[in-house]
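Some notes on the structure that comes next.
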Amino acid sequence: GESVGLHLPTLSVQEGDNSIINCAYSNSASDYFIWYKQESGKGPQFIIDIRSNMDKRQGQRVTVLLNKTVKHLSLQIAATQPGDSAVYFCADGRANAGGTSYGKLTFGQGTILTVHP
Amino acid sequence: NAGVTQTPKFQVLKTGQSMTLQCAQDMNHEYMSWYRQDPGMGLRLIHYSVGAGITDQGEVPNGYNVSRSTTEDFPLRLLSAAPSQTSVYFCASSLSGGDYGYTFGSGTRLTVV
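Heads up: the sequence lines are chains Y and H, in that order. By the numbering used here, the letter at position 74 of the first sequence is numbered 74, and the numbering carries on one by one without gaps. By the numbering used here, the letter at position 86 of the second sequence is numbered 1086, and the numbering carries on one by one without gaps.
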């Protein structure tokens, strides 16, 4: 079946550095992509999403880049803080022509981000 | 708002037992889903619902049943627990099909012995 995968399972950075977490996806029909953050013992927390008709979207300290040509997604975190330490997942889904999700997400394996003070 | 509430937080079952994992949301969300998360893996979709009375299978539905009689509740039933169902289970909801950002509950850690 289709899957969403990650290039690196772990990433260690120094506080204040910028972090880049990568994700490769295989379903060329995916219509939207989401990044989630999961802290130990908690459920995933929504960070940012991007539709397939966009190549970049910015949030607070985060930027998601989408390259549909090579089926690659990245999450950039600016000025990484110790509180950013967590597992980060990318997920993808499909929507109809009106942009309404079909309700199914496919998650990648996850990247462990560790921020050192 | 309490968000997405899952009960119980922890459960130990014997092989062959059945049980229901509860999930409730108070945000009037139409979409609800159940995922399982195994060590070192991402979340895998078990069942999902796009509205009351509508459910469908996800990636790993075998051994699980769901129903959606109300907008608020989406229980997950394990029919005959097996050790392979040891996992952390997450329930999630989103307002509508145009809202891609699901809100997740805090999870139920299930061990089947």
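Backbone N, C-alpha and C define an ideal beta-carbon position, used for all residues, glycine too.
Three-state secondary structure (DSSP) of residue i
{"i": "Asp84 of chain Y", "result": "helix"}
{"i": "Gln978 of chain H", "result": "A question about residue 978 of chain H goes unanswered here, because the residues of chain H that appear run from 1001 up to 1113."}
{"i": "Gln1025 of chain H", "result": "strand"}
{"i": "Ala97 of chain Y", "result": "coil"}
{"i": "Phe107 of chain Y", "result": "strand"}
{"i": "Leu1043 of chain H", "result": "strand"}
{"i": "Lys37 of chain Y", "result": "strand"}
{"i": "Thr1071 of chain H", "result": "coil"}
{"i": "Leu1095 of chain H", "result": "coil"}
{"i": "Gly1063 of chain H", "result": "coil"}
{"i": "Tyr1100 of chain H", "result": "coil"}
{"i": "Lys42 of chain Y", "result": "coil"}
{"i": "Met1032 of chain H", "result": "strand"}
{"i": "Gly1051 of chain H", "result": "strand"}
{"i": "Leu1076 of chain H", "result": "strand"}
{"i": "Ala1002 of chain H", "result": "coil"}
{"i": "Ser12 of chain Y", "result": "strand"}
{"i": "Arg61 of chain Y", "result": "coil"}
{"i": "Met54 of chain Y", "result": "coil"}
{"i": "Val1113 of chain H", "result": "coil"}
{"i": "Ser74 of chain Y", "result": "strand"}
Residue i versus the options, residue with shortest Cα-Cα distance
{"i": "Leu11 of chain Y", "options": "Y:Phe89, Y:Gly103, Y:Tyr102, Y:Gly93", "result": "Y:Phe89"}
{"i": "Ala24 of chain Y", "options": "Y:Thr114, Y:Leu113, Y:Gln109", "result": "Y:Gln109"}
{"i": "Ser1080 of chain H", "options": "H:Lys1009, H:Asn1062, H:Leu1095, H:Gln1037", "result": "H:Asn1062"}
{"i": "Asn96 of chain Y", "options": "Y:Tyr36, Y:Asp31, Y:Met54", "result": "Y:Asp31"}
{"i": "Val1113 of chain H", "options": "H:Val1004, H:Gly1105, H:His1047, H:Ser1018", "result": "H:Ser1018"}
{"i": "Ala1024 of chain H", "options": "H:Thr1005, H:Gly1016, H:Lys1009", "result": "H:Thr1005"}
{"i": "Asp55 of chain Y", "options": "Y:His116, Y:Ala79, Y:Ser74, Y:Lys104", "result": "Y:Ser74"}
{"i": "Ala1092 of chain H", "options": "H:Gln1011, H:Thr1020, H:Asp1026", "result": "H:Asp1026"}
{"i": "Ala1082 of chain H", "options": "H:Tyr1064, H:Gly1003, H:Gly1040", "result": "H:Tyr1064"}
Residues near residue i by beta carbon distance below 8 Å, same chain, minus five either side
{"i": "Leu1045 of chain H", "result": "Ser1033, Trp1034, Tyr1035, Gly1058, Glu1059, Val1060"}
{"i": "Gly1053 of chain H", "result": "Arg1068, Ser1069"}
{"i": "Asp49 of chain Y", "result": "Tyr32, Phe33, Ile34, Trp35, Arg57, Val64"}
Beta-carbon proximity list for residue i, same chain, < 6 Å, skipping 5 on both sides
{"i": "Gln1022 of chain H", "result": "Thr1007, Pro1075"}
{"i": "Ser1094 of chain H", "result": "His1029, Tyr1031, Tyr1102"}
{"i": "Gln76 of chain Y", "result": "Ile20, Thr63"}
{"i": "Leu65 of chain Y", "result": "Lys56, Ser74"}
{"i": "Val1066 of chain H", "result": "His1047, Thr1055, Leu1076"}
{"i": "Gly1 of chain Y", "result": "Caution applies to Gly1 of chain Y, whose pLDDT of 31 falls short of 50 and renders its modelled position unreliable; the value that the coordinates give is listed next. Closer than 6 Å at Cβ, skipping near neighbours: no residue."}
Beta-carbon neighbours of residue i, restricted to chain Y and to distances below 8 Å
{"i": "Gly1016 of chain H", "result": "What Gly1016 of chain H touches in chain Y: nothing, since even the nearest Cβ is about 29 Å away."}
{"i": "Phe1090 of chain H", "result": "Gly43, Pro44"}
Interface partners of residue i on chain Y, CB under 9 Å
{"i": "Phe1104 of chain H", "result": "Tyr36, Gln38, Lys42, Gly43, Pro44, Gln45, Phe46"}
Own chain partners of residue i with C-beta closer than 7 Å, once the 5 adjacent residues on each side are dropped
{"i": "His7 of chain Y", "result": "With a pLDDT of 45 at His7 of chain Y, under the threshold of 50, the modelled position of that residue is not reliable, and the figure given next carries that caveat. Answer for His7 of chain Y: Asn22, Ala24, listed in chain order."}
{"i": "Gly99 of chain Y", "result": "none"}
CB contact check: residue i to chain B, cutoff 8 Å
{"i": "Thr80 of chain Y", "result": "Structure shown: chain B not included; protein chains present are Y and H."}
Where the region 1033-1061 of chain H meets chain Y: residues whose CB sits under 8 Å from a CB there: Within the region 1033-1061 of chain H, the residues whose Cβ lies closer than 8 Å to some Cβ of chain Y are Ser1033, Tyr1035, Gly1040, Met1041, Gly1042, Leu1043, Arg1044, Leu1045, Tyr1048, Ser1049, Val1050, Asp1056, Gly1058, Glu1059, listed in chain order.
Residues from the region 93-110 of chain Y in contact with chain H, defined by Cβ distance under 9 Å: Per Cβ criterion, the list reads Gly93, Ala95, Asn96, Gly98, Gly99, Thr100, Ser101, Tyr102, Gly103, Lys104, Leu105, Thr106, Phe107, Gly108, Gln109, Gly110.
Chain-ordered residues of the region 1059-1088 of chain H with a beta carbon less than 8 Å from chain Y: Against chain Y - using a Cβ distance shorter than 8 Å - the residues of the region 1059-1088 of chain H are Glu1059.
Members of the region 26-43 of chain Y near chain H, C-beta cut-off 7 Å: Cβ contacts with chain H: Tyr32, Ile34, Lys42, Gly43.
Contact list for the region 47-77 of chain Y against chain H, Cβ threshold 7 Å: Answer set for the region 47-77 of chain Y: Asp49.
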